[in-house]
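Heads up: the sequence shown is residues 487 to 953, going by this note's numbering.
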Amino acid sequence: MLQQLTQTESKKQPSGLRQPPFSLACARLAFKRRGGELMCRSHELFVLAQQHIPGGVNSPVRAFKAVGGEPIFFERGEGPYLIDVDGRRYVDYVGGWGPFIVGHAHPRVLRAVTETAAKGLGFGAPTVLETSMAEKICKLMPSIQKVRMVNSGTEATMSAIRLARGFTGREKIVKFEGCYHGHVDALLVKAGSGALTMGVPTSPGIPEAIASATLTLSYNDPQQVREVFARYGEDIAAVIVEPVAGNMNCVLPIPGFLDCLRQVCDEYGSLLIFDEVMTGFRVALDGAQGRYGVRPDLTTLGKVIGGGLPVGAFGGRADILDRIAPDGPIYQAGTLSGNPVAMAAGLATLEIVEQAGFHEALSNTTRQLVDGMLERAKAAGIGMTANYAGGMFGLFFGHTSRVDTYAQVLASDQALFRRFFRGMLRRGIYLAPSAFEAGFVSSAHTTAQLQQTWGAAEQVFRELSAD
Ligand SMILES: Cc1ncc(COP(=O)(O)O)c(C=O)c1O
487 MLQQLTQTES KKQPSGLRQP PFSLACARLA FKRRGGELMC RSHELFVLAQ QHIPGGVNSP
547 VRAFKAVGGE PIFFERGEGP YLIDVDGRRY VDYVGGWGPF IVGHAHPRVL RAVTETAAKG
607 LGFGAPTVLE TSMAEKICKL MPSIQKVRMV NSGTEATMSA IRLARGFTGR EKIVKFEGCY
667 HGHVDALLVK AGSGALTMGV PTSPGIPEAI ASATLTLSYN DPQQVREVFA RYGEDIAAVI
727 VEPVAGNMNC VLPIPGFLDC LRQVCDEYGS LLIFDEVMTG FRVALDGAQG RYGVRPDLTT
787 LGKVIGGGLP VGAFGGRADI LDRIAPDGPI YQAGTLSGNP VAMAAGLATL EIVEQAGFHE
847 ALSNTTRQLV DGMLERAKAA GIGMTANYAG GMFGLFFGHT SRVDTYAQVL ASDQALFRRF
907 FRGMLRRGIY LAPSAFEAGF VSSAHTTAQL QQTWGAAEQV FRELSAD
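Given below as C-alpha cells:
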C-alpha cells in the first residue's frame, strides 16, 4: 500500500523527488508495514531507483540482499555518523566501504576538495598533485618505488595483473578463495573441482579461457601453495592476495602464510602482489606489508588514498613499473587517472592518517569496540568470536575459537548475523549488510559511539538469546 501511495504521489508531483512528501501518516504506514523500521522516503527512493538502475543500486552488496529488507538512502555524513533521508542518525561502521578513515565530511578534506575544484576539475594533463601523491605513497610504503594512479580498486588489480603477465611472460595467476580483488575477469574465479584444477568463473560473461588461467587456493594454507607451485610454478606470473582478508568478513594471515608466498614467488620467479585496496593505510601506516614484514613486488591501493573520491593505484618495484607505457610496451591508460580533485582529497586524508599516534588510537578504538561486543555476547550466552587489525574488524556468530579459513567463515551462523544486523540497524547502528564484509572504524569514532553501539548490542543479544 505504501508503494501504491508512493507511486501515485510521484506521478502527481514529478518534482517530488527533490521535495519528497514526508508525512507522519506515511511514516506510520511504513513503520507498520516494515516490521518497525521507520524508512518512508528511503523506501520511495528505492522504488524509484529500481525503475532505472539494475536492482536499484550501483554496486550489488548495497541492495541488502544478504540481510533482507531494503537499502537506506543517505543524505549526509558527519564524522562517525550517517544521516538518512528520513532524518535518522546511525553510527557508521561501513565508512563508505573503507575510504572514510578520518570520518565523514572531515573539514580538512572538504577544504582541499573545494579549493582544488575551484581551479578546475581536471585537465587531462599532469598536475603537481599527482607527483605529491606518488611521492607520499612511495614514502609511506617503501616497497613501492613507482606508482601509477587509476580510478578504482578494480582498475588497480586489473592493471597489476596485466603488468605481472607482461613482465614475466607467463599467464597463470594464483588467488585465494574468499579474497575479492574487484570485478576483473581473471579474478572473479573460484576453485575448480579440486585445489589443483583450473578455475571456474563465478559470473556468466567470463570466458573459460580466462578463468582457466587462474588457480584458486585456500587462504592460510601454505602447504597447498607449495604443492601448486611444485606443479605449475614455472607458469605462474603472480600470486595476488589480500594480506588481511576483508572480503570474507575479516581474516588475518596465520604466521608464516605471507612469508611462504614470498618464498615461493622468489623461488619460481613469480611476482607477489599484495592487494592493499582495503588494508592500505588502514591496518597500519605502512599497510599490511609493514605490519607483517613481508615485501611484495607489486601493491594495489584504493579507498583511503582517494579520501572518498574514485581513486586506485598500483605500484611497486621500479624495474617492473618501468615496463608500463610510455616507457615500456605494457599498455595502461586512463582519461581521469590522477584527477586533481581526487588527489587533493586523498592527500588531505593521508596527511591526517600519517600524524603520530593515528593508528595506535584507531587500533585502540577497534579493540575496545570488539572487546565490548564480545563481552556482551558472552554475557547473553551468544557464541561469537572476532578478528580485527588496525581499523578493520569482523564478528563471527556461531564460533568461539579463532577463524582463520574461508571454510570457517562459511560455517558461521549467517541467520543469526542477519537478525543481529537488523536489530542493530533498528537501533541506529549501521553495519555492513553482509556476514562476509569487514567492519570499519574511523578516527572520528569515540567512546560515545562505542557506548551507543554496546548499548544496542546488549539489547539485540538479549533478544537473540531469548528466542
Ligand atoms: C581488497 C579489494 N581489492 C579490490 C577491490 C575493488 O575496488 P573497487 O570497488 O574500488 O573497484 C576491493 C573492493 O572492495 C577490495 O576490497
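Cβ coordinates follow ideal geometry from the N, Cα and C atoms, glycine included.
Every unbroken stretch of the alpha helix (DSSP H) spanning 4 or more residues and falling wholly within the region 568-615 is given here in chain order: 593-603.
For Ser638, the shortest C-beta to heavy atom distance toward ligand 1 is below 7 Å. A check of alpha carbon separations from Glu657 across Val725, Glu621, Gly563 and Tyr874 identifies Val725 as the nearest.
When only Cα atoms are considered, Ile810 and Ser823 end up about 15 Å apart. Closest option to Pro826, judged by alpha-carbon separation, among Gly542, Ser618 and Val763: Ser618. Residue range Leu784 to Leu787 is occupied by the beta strand (DSSP E) that includes Thr785. DSSP lists Leu881 as the bridge partner or partners of Ala872.
Under the DSSP definition of a beta bridge, Met635 partners with Ala799. For the options Asp578, Ala552, Gly639 and Val547, the alpha carbon positioned closest to that of Phe560 is the one of Asp578. For Gly563, same chain residues with a beta-carbon under 6 Å away, outside a window of 5 residues either side, are His590 and Ala591 in chain order.
Secondary structure in the region 736-786: the alpha helix (DSSP H) runs of 4 residues or longer, each lying completely within the stretch, are 743-754 and 773-778 in chain order. Annotation for Val763 indicates a beta carbon within 7 Å of some heavy atom of ligand 1. Using a 10 angstroms sphere on the CB of Phe653, the tally of other CB atoms reaches 16 or more, which defines it as buried. Ligand 1 never approaches Thr886 closely enough for any of its heavy atoms to be under 7 Å from the residue's Cβ. Around the beta carbon of Ile659, 16 or more other beta carbons lie within 10 angstroms, which makes this residue buried. Contact check for Thr886 and Gly869: beta-carbon distance about 5 Å, within the 8 Å limit, so the pair qualifies. In this structure, DSSP gives Val856 a helical state, which the three-state scheme calls helix. The DSSP assignment places complete beta strand (DSSP E) segments of no fewer than 3 residues inside the region 705-736 at 722-727, in order along the chain.
Boundaries of the alpha helix (DSSP H) harbouring Leu936: Thr933 to Ala952, taken from the DSSP string.
In chain order, Ala834 place their CB closer than 6 Å to the CB of Arg594, counting only its own chain and leaving out the 5 sequence neighbours on each side. Distance from the Cα of Gly773 is smallest, within the candidate group Glu840, Val889, Gly554 and Glu949, for Glu840. For the options Pro557, Pro687, Val553 and Gly582, the alpha carbon positioned closest to that of Tyr567 is the one of Gly582. In the displayed model, Arg562 falls within a strand according to three-state DSSP. By the CB criterion at 8 Å, Met910 and Ala943 fall inside the cutoff. Distance from the CA of Tyr778 to the CA of Val730, rounded to the nearest whole angstrom, comes to 10 Å. Leu795 and Ala828 have their C-alpha atoms roughly 5 Å apart. Our two residues, Pro557 and Ile647, have alpha carbons roughly 33 Å apart in a direct line. Between the region 755-769 and the region 789-806 there are three or more C-beta pairs closer than 8 Å, enough to call the two in contact. Val660 sits in a strand when the DSSP states are folded into three classes. Here Lys676 carries a strand assignment [DSSP, helix/strand/coil]. Of Glu601, Gln537 and Arg527, the smallest CA-CA separation from Val571 is found for Arg527. Taking 7 Å as the cut-off, the C-beta of Trp583 counts as close to a heavy atom of ligand 1. Around the beta carbon of Ala830, 16 or more other beta carbons lie within 10 angstroms, which makes this residue buried. Boundaries of the alpha helix (DSSP H) harbouring Thr835: Pro826 to Val839, taken from the DSSP string. Going by beta carbons, Ala642 and Val763 fall inside the 8 Å limit.
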